[in-house]
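Chemist: Just so we're aligned, residue 273 is where the sequence shown starts under my numbering, counting upward by one.
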Amino acid sequence: MPRIVLLISLALLTPLMGSCQGHGEGEVMRQGASVNQNMPALTWKDVIHFAEKGSPPPDRRVVMSDTEWRQQLSPEEFRITRLKGTERAFTGQYCESHAPGVYACRCCGTELFDSREKFESGTGWPSFTQPVRDNVVKYEKDTSFGMVRVEILCNVCDAHLGHVFPDGPGPGGLRFCTNSASLVRTGE
Ligand code: FE
């Protein structure tokens, strides 16, 4: 697909294009020990740029075979994180939980989202406005199921996290729609 077409198609993405839908509300602050407080809020323009050019390089890479991943993940976690599955709405462990903590990658433990960036989206999936740093999430255009969406993955181990949409409530206007099975919350 020509680059200009990709840009236009990504720019025209609407919240109606994903299985994760709905709008959230709430104040959003970038703070916490694991969050780079000096980082400006990511915007949809940044997401498109990262989807095309790649995110900033991660601090490390974790590469394991499917056999090795199966040994440390439940069948459901493996299906979602390694096979790009989606958990049923309103069934995930963190769907409606707003306890404080940091959400790390279920597969490799990389810190991805801060609970202070979590908001009630009403979608049935844990939703965040920002990742803790630019280089922890990878963005890839996803044309599966006849839709054009932007998939989000762990930038360290390539675990499927969910999708990102341009209808979030924060200053950057993003909604990171994730699967609980892709995350593990740790205490502050
Ligand atoms: Fe990971």
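We put the beta carbon where it would ideally sit given N, CA and C, even for glycine.
Note that the coordinates shown come from a computational prediction; the quantities given were computed from them, not determined experimentally.
Considering VAL319, what are the terminal residues of the alpha helix (DSSP H) in which it resides?
Modeler: From DSSP, the alpha helix (DSSP H) with VAL319 extends over 316 to 325.
Chemist: When we look at the beta-carbon of PRO398 and count the other beta-carbons within 10 Å, is it buried (16 or more) or exposed?
Modeler: buried
Chemist: Given this structure, state the Cα-to-Cα distance separating CYS426 from SER393, to the nearest angstrom.
Modeler: 21 Å
Chemist: In the DSSP assignment, what are the bridge partners of LYS356?
Modeler: None, per the DSSP bridge assignment.
Chemist: Should ASP406 be counted as a contact of the ligand FE given a C-beta to heavy atom distance under 8 Å?
Modeler: no
Chemist: For ALA431, is the beta carbon positioned less than 8 Å from some heavy atom of the ligand FE?
Modeler: yes
Chemist: Regarding GLY381 and the ligand FE, is the C-beta to nearest heavy atom distance less than 8 Å?
Modeler: yes
Chemist: Based on Cα-Cα distance, which residue from THR363, ASP414, THR401 and VAL408 lies nearest to GLY440?
Modeler: THR401
Chemist: Counting only beta-carbon separations shorter than 9 Å, does HIS370 have a partner in chain B?
Modeler: Protein chain content of the structure displayed is limited to a single chain, and chain B is not contained in it.
Chemist: Is PHE448 buried or exposed, if buried means 16 or more other CB atoms sit within 10 Å of its CB?
Modeler: buried
Chemist: Using the Cα positions of ASN451 and GLY396, report the straight-line distance between them to the nearest angstrom.
Modeler: 9 Å
Chemist: As an exercise, report each continuous beta strand (DSSP E) stretch of at least 3 residues that is fully enclosed by the stretch 395 to 437, in chain order.
Modeler: 409 to 414, 421 to 426 and 432 to 437
Chemist: For GLU423 and CYS367, I'd like the C-alpha separation in whole angstroms.
Modeler: 19 Å
Chemist: Have a look at LEU384 and ALA376 and give me their C-alpha separation to the nearest angstrom.
Modeler: For LEU384 and ALA376, the distance between alpha carbons rounds to 5 Å.
Chemist: With SER454 and HIS432 assumed to form a contact (beta carbons below 8 Å), what rounded beta-carbon distance in angstroms separates them?
Modeler: 6 Å
Chemist: Look up GLU383 in the DSSP assignment and give the residues it is bridged to.
Modeler: ALA376
Chemist: Would you say VAL335 touches the ligand FE, meaning its beta carbon is less than 8 Å from a heavy atom?
Modeler: no
Chemist: Ordered along the chain, which non-local residues of its own chain (more than five positions away) have a Cβ less than 7 Å from that of ASP338?
Modeler: ARG354
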